[in-house]
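Chains A and B supply the protein sequences, listed in that same order. In short: position in the first sequence from 1, add 1133, done, that's the numbering used here. In short: position in the second sequence from 1, add 19, done, that's the numbering used here. Cβ coordinates follow ideal geometry from the N, Cα and C atoms, glycine included.
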Amino acid sequence: MIDVVVIGSGASGVHAAWPLVKAGLQVALVDVGHRDDGAPKPPGPAHFTQLRSTDPDQFRYFLGDDFQGLPFGEVRVGAQLTPPRAYIAKAIADAATRSDDFQAMQSYALGGLAAGWGAAVPPFSDVDLEGWPISRQQLQPHYDAVARRIGICGVSGDDLERWFGPSPHLLPPARQDSNGSWLLDTYQRRANWFHGRGLYAGQPRLALTTRRHAGRGPCRNLDMEFWGDEDRSVYRPVYTLDQLRRQPNFTYLPERHAEVFEEQEGGVAVRVRNLGTGTSERIDAGHLVLACGAIQSGRIAARSLGAEDTPLPLLSNPYTYFPCLLWTRLGQPTRNRRHSLTQVMMYFDPHRRPQQALQAQVYSYRSLLTFKLLKESHLPIGDALRILQHVQSYFIILGVHHPDYPGTSKLMQVRREDGGVDISYRPTISESRRRTKLENELMMVMYRLGCLPLGRVDPGYGSSIHYAGTLPMTEENRPLTTTPQGRLRGTQRVYIADGAAFPTLPSKGLTYTLMANADRVGRQLATSLSL
Amino acid sequence: MTMTANRALHALSEECRRFARYLLDAEPDSAEVERYARAVQTLPAVQCGPNERLLSAARSPLLLPFLDAGTSYLRLDCPFRRRLMLAAAIFEASPRHADRFLPCETSIARMAVMGLWTGLRMAVLVPLGVLLVKALHRP
Chain A
1134 MIDVVVIGSG
1144 ASGVHAAWPL
1154 VKAGLQVALV
1164 DVGHRDDGAP
1174 KPPGPAHFTQ
1184 LRSTDPDQFR
1194 YFLGDDFQGL
1204 PFGEVRVGAQ
1214 LTPPRAYIAK
1224 AIADAATRSD
1234 DFQAMQSYAL
1244 GGLAAGWGAA
1254 VPPFSDVDLE
1264 GWPISRQQLQ
1274 PHYDAVARRI
1284 GICGVSGDDL
1294 ERWFGPSPHL
1304 LPPARQDSNG
1314 SWLLDTYQRR
1324 ANWFHGRGLY
1334 AGQPRLALTT
1344 RRHAGRGPCR
1354 NLDMEFWGDE
1364 DRSVYRPVYT
1374 LDQLRRQPNF
1384 TYLPERHAEV
1394 FEEQEGGVAV
1404 RVRNLGTGTS
1414 ERIDAGHLVL
1424 ACGAIQSGRI
1434 AARSLGAEDT
1444 PLPLLSNPYT
1454 YFPCLLWTRL
1464 GQPTRNRRHS
1474 LTQVMMYFDP
1484 HRRPQQALQA
1494 QVYSYRSLLT
1504 FKLLKESHLP
1514 IGDALRILQH
1524 VQSYFIILGV
1534 HHPDYPGTSK
1544 LMQVRREDGG
1554 VDISYRPTIS
1564 ESRRRTKLEN
1574 ELMMVMYRLG
1584 CLPLGRVDPG
1594 YGSSIHYAGT
1604 LPMTEENRPL
1614 TTTPQGRLRG
1624 TQRVYIADGA
1634 AFPTLPSKGL
1644 TYTLMANADR
1654 VGRQLATSLS
1664 L
Chain B
20 MTMTANRALH
30 ALSEECRRFA
40 RYLLDAEPDS
50 AEVERYARAV
60 QTLPAVQCGP
70 NERLLSAARS
80 PLLLPFLDAG
90 TSYLRLDCPF
100 RRRLMLAAAI
110 FEASPRHADR
120 FLPCETSIAR
130 MAVMGLWTGL
140 RMAVLVPLGV
150 LLVKALHRP
């Protein structure tokens, strides 16, 4: 008899399953589980520049055997996925998600979207959790448990502590590249001036093992994080799944797509489609934990509770990025060894409204290859190539996330006829204006950091790939919501352990809180079942 | 292989060589040429009809900088510009030409000279290139 069936192997699913398995319960994890489809990968751990100069087969993983890594047309959601990671966005024959104004990237991959995430792990503060029925204090033990499990590096006591709060389990910070060091030095020299304008900067907290941790790492600064996981230093949920699969009371059920559930006397029956055989299967368990992403969990819940046609709220961090030139650093030497992840994390709150603050992440541009910059350049390709070779070392990408709150024009709805999802996502004019104004103010402050913005790229709504809020957690007893303990209202044995339960979405990346909240839901369920 | 297919392959090989001379002032190796021809034959995004006049004009090495400048200024997303980008990508993902794409350290003085030279080139190339592209391009 299965005690708990968990749907989804992403960041939420594996961390919800972990405490249940550790409590000795019989746990099954149902997953589509697309694997790396054999796309060519870099040949073992080697530095980016070394591969570039020596490997005759590099075009196979940099461009793809079918040249799928060449981005023609407009910038689209998921454009950052390189050919070796393209399987993460592979779809299944399924009722489609449709929208005119929102690009929803869903993953059926082993490890979900976090199989290709950027590994930034900012924890939510009490300000971020305003309007939630749980506090930071309640989440803290779960942040700590996840930090110990996955390995998080960073600095305590810097200017970002006011945004992050205390984190007692940090590994040593990652080695910064020359641009990151330069930016932080410039910031620290005039910290009071920047604080007066609402800018706070520091080293990011990353799910990156800077020393040996849980059989992984340390990061070797090969600058290949977008292309492969050779040194296993960036955390991926599949590592936790591998540990779970070694436990006798855990079963992994791949190639299964969950469709609906039905509560019965003493348990839950989950109907899944076996993608290998094409047949429908039924899995019986004592309890069900939905952790397959906000859109899919909302879809399964709405279909199972007969609430198709009922609009569900949908949240997604609006995302914009700015290619910038660190013009004050021109001509300075550059360190070759580096990682490709966020180098500097910033929070910008010029109007002292921390709930509206934006998050800006600084990346140095190199390992995503020059030709992608050529395409975006306004210069002739021949001239741009000559110039970029000399200024590329001083080129950064500033990725900006804004918070999101529920609204009557940001909704998803399950289609009764085929079970697919329609999404309509239109922020109000005042929301859009506020975002643009805040970005313009940030660019003025960035100029004082020696950073010259060269353009603004808006990849469209949904491009942050952060989705949440479809079954929000609340104290109010309303249908299609979640209790503070994670139980889906209208059910007795169904729990929500992913972003569907988040009532709001701060500008901070959500994955760390997804994992901590999943650990909380799993641990509470384990405790109640063990009593 | 038919004679027509052979001719098309030869034309693509020549196009790849012209682009390499323009972008890198170097000759491509046979693997890069083969890769370029295969990409053009595979990717619908870079294919075009026989009346694509920008690509025909690009057979002249003298016109290439003007066409590049004109299409860049006009932000024209056309097969010519896509193929030039494709060629750059293929050359970049090859050890033979990696050095031309990897960042190099340069003094500020040299960058200033390069910026000045590029500005002067643009002042000539862009107006003439825009006129040329407008005359040739039929959407």
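Checklist entry - Just checking my contact of Arg1269 (chain A) with Phe1297 (chain A) at CB under 8 Å: how many whole Å lie between their CB atoms? => result The Cβ separation is near 10 Å, so there is no contact.
Checklist entry - Under 8 Å, do Tyr1241 (chain A) and Lys1223 (chain A) count as touching if we go by C-beta distance? => result Closer than 8 Å, so yes.
Item to check | chain B contact for Gly1329 (chain A) (CB, 8 Å cutoff) | outcome: When Cβ-Cβ separations below 8 Å define contact, Gly1329 (chain A) makes no contact with chain B.
Checklist entry - Is there contact between the segment 1281 to 1294 of chain A and the segment 1386 to 1403 of chain A, where contact requires at least three CB pairs shorter than 8 Å? => result Touching, no.
Checklist entry - Roughly how many angstroms lie between the CA atoms of Thr125 (chain B) and Asp44 (chain B), to the nearest whole one? => result One C-alpha to the other measures close to 20 Å.
Checklist entry - Is Pro1189 (chain A) close to chain B, meaning its C-beta is less than 8 Å from at least one C-beta of that chain? => result Output row for Pro1189 (chain A): interface = yes.
Item to check | Runs of beta strand (DSSP E) lying entirely within the segment 114 to 144 of chain B, each at least 3 residues, in chain order | outcome: Counting only unbroken stretches of 3 or more residues, no beta strand (DSSP E) element lies wholly within the segment 114 to 144 of chain B.
Checklist entry - Does the beta carbon of Tyr55 (chain B) come closer than 8 Å to any beta carbon on chain A? => result Not closer than 8 Å to any Cβ of chain A, the Cβ of Tyr55 (chain B) fails to qualify, so no.
Next on the checklist: So, with DSSP's three-state summary, where would you put Gln1321 (chain A)?
Outcome noted: DSSP, reduced to helix, strand and coil, places Gln1321 (chain A) within a helical segment of the structure shown.
Item to check | Glu1609 (chain A) burial status per 10 Å Cβ neighbour count (16 or more: buried) | outcome: So Glu1609 (chain A) ends up on the exposed side.
Checklist entry - When DSSP labels each residue in this structure, what does Leu86 (chain B) get in the three-state scheme? => result Residue state, collapsed to three classes: helix.
Checklist entry - Between Tyr1580 (chain A) and Asn1312 (chain A), is the Cβ-Cβ spacing less than 8 Å? => result With a cutoff of 8 Å on beta-carbon distance, Tyr1580 (chain A) and Asn1312 (chain A) are scored as not near each other.
Next on the checklist: Considering only their Cβ atoms, is the gap separating Pro1370 (chain A) from Val1219 (chain A) smaller than 8 Å?
Outcome noted: The question names Val, yet the displayed sequence has Ala at residue 1219 (chain A). In this structure, Ala1219 (chain A) keeps its C-beta atom at 8 Å or more from the C-beta atom of Pro1370 (chain A).
Item to check | Proximity to Tyr1333 (chain A) [Cα-Cα], best of A:Glu1392, A:Gln1492, A:Val1160 and A:Gln1465 | outcome: Measuring from the Cα of Tyr1333 (chain A), the nearest candidate turns out to be A:Gln1492.
Checklist entry - Mind pulling the chain B residues with CB within less than 9 Å of Gly1361 (chain A)? => result Taking the beta carbon of Gly1361 (chain A) as reference, no residue of chain B falls within 9 Å; the closest one sits roughly 15 Å away.
Item to check | Start-end ranges of the beta strand (DSSP E) lying completely within the segment 1425 to 1503 of chain A, minimum 3 residues | outcome: Fully enclosed beta strand (DSSP E) runs of no fewer than 3 residues occupy 1452 to 1458, 1477 to 1481 and 1491 to 1497 of the segment 1425 to 1503 of chain A, in order along the chain.
Checklist entry - Nearest-angstrom Cα distance between Leu1447 (chain A) and Ser1497 (chain A)? => result Roughly 32 Å separates the two Cα atoms.
Checklist entry - Which residues does DSSP pair with Ser1145 (chain A) in a beta bridge? => result DSSP output for Ser1145 (chain A) lists no bridge partner at all.
Checklist entry - At a Cβ threshold of 8 Å, is Met22 (chain B) touching chain A? => result Using a Cβ-Cβ cut-off of 8 Å, Met22 (chain B) does not count as an interface residue toward chain A, since no Cβ of chain A sits closer than that to its own.
Next on the checklist: With distance defined between alpha-carbon atoms, name the residue in A:Ser1565, A:Ala1280 and A:Val1554 nearest to Tyr1452 (chain A).
Outcome noted: Shortest Cα-Cα distance from Tyr1452 (chain A) to any of A:Ser1565, A:Ala1280 and A:Val1554 involves A:Ser1565.
Checklist entry - Does the Cβ of Pro1560 (chain A) have 16 or more other Cβ atoms within 10 Å, making it buried, or fewer, making it exposed? => result By the 10 Å Cβ count, Pro1560 (chain A) comes out buried.
Checklist entry - If you scan the segment 91 to 115 of chain B from start to end, which runs of the beta strand (DSSP E) of 3 or more residues do you find wholly inside it? => result If we require 3 residues or more, the segment 91 to 115 of chain B turns out to have no beta strand (DSSP E) run fully inside it.
Checklist entry - Using 8 Å as the limit for Cβ to Cβ distance, is Leu151 (chain B) near chain E? => result Judged by its chain identifiers, the structure shown contains no chain E, and its protein chains are A and B.
Item to check | Under 8 Å between C-beta atoms of Gly1166 (chain A) and Leu1243 (chain A) | outcome: Closer than 8 Å, so yes.
Checklist entry - Taking 8 Å as the CB-CB limit, is Leu82 (chain B) close to chain A? => result Not closer than 8 Å to any Cβ of chain A, the Cβ of Leu82 (chain B) fails to qualify, so no.
Checklist entry - From A:Thr1569, A:Pro1636 and A:Tyr1628, pick the residue whose C-alpha is nearest to that of Gly1602 (chain A); which is it? => result It is A:Pro1636 whose Cα lies nearest to the Cα of Gly1602 (chain A).
Next on the checklist: Please return the same chain residues whose Cβ sits closer than 7 Å to the Cβ of Asn1469 (chain A), not counting the five positions on each side in sequence.
Outcome noted: Excluding sequence neighbours, Asn1469 (chain A) sits near Thr1182.
Item to check | Pair within 8 Å by beta-carbon distance, Leu1438 (chain A) and Gly1623 (chain A) | outcome: Taking 8 Å as the cut-off, the Cβ atoms of Leu1438 (chain A) and Gly1623 (chain A) count as close.
Checklist entry - Which residue comes first and which comes last in the beta strand (DSSP E) that contains Ser1557 (chain A)? => result Its beta strand (DSSP E) spans residues Val1554 to Tyr1558.
Checklist entry - What number of angstroms, rounded off, separates the C-alpha of Pro1387 (chain A) from the C-alpha of Leu1162 (chain A)? => result So the two alpha carbons sit approximately 8 Å from each other.
Item to check | Complete alpha helix (DSSP H) runs within the segment 1282 to 1368 of chain A (minimum length 4 residues, chain order) | outcome: List check, alpha helix (DSSP H) in window: 1294 to 1297, 1311 to 1322 and 1324 to 1329.
Checklist entry - Using DSSP with H/G/I as helix, E/B as strand and the rest coil, what is Ile1225 (chain A)? => result In the three-state reduction of the DSSP assignment, Ile1225 (chain A) falls in the coil class.
Item to check | Test item: CB-CB of Pro1266 (chain A) and Met1606 (chain A) under 8 Å | outcome: Yes, these two residues count as a Cβ contact at 8 Å.
Item to check | Residue closest to Leu1293 (chain A), alpha-carbon to alpha-carbon, out of A:Phe1327, A:Gln1336 and A:Leu1262 | outcome: Checking every option, the nearest Cα to that of Leu1293 (chain A) belongs to A:Gln1336.
Checklist entry - Smallest Cα separation from Val1654 (chain A): which of A:Gln1159, A:His1275 and A:Phe1192? => result Check the Cα spacing between Val1654 (chain A) and each of A:Gln1159, A:His1275 and A:Phe1192: the tightest is with A:His1275.
Next on the checklist: Measuring CB atoms only, is the segment 1248 to 1267 of chain A touching the segment 1228 to 1238 of chain A, in the sense that at least three cross pairs come out at less than 8 Å?
Outcome noted: Contact between the segment 1248 to 1267 of chain A and the segment 1228 to 1238 of chain A is absent, because fewer than three Cβ pairs lie under 8 Å.
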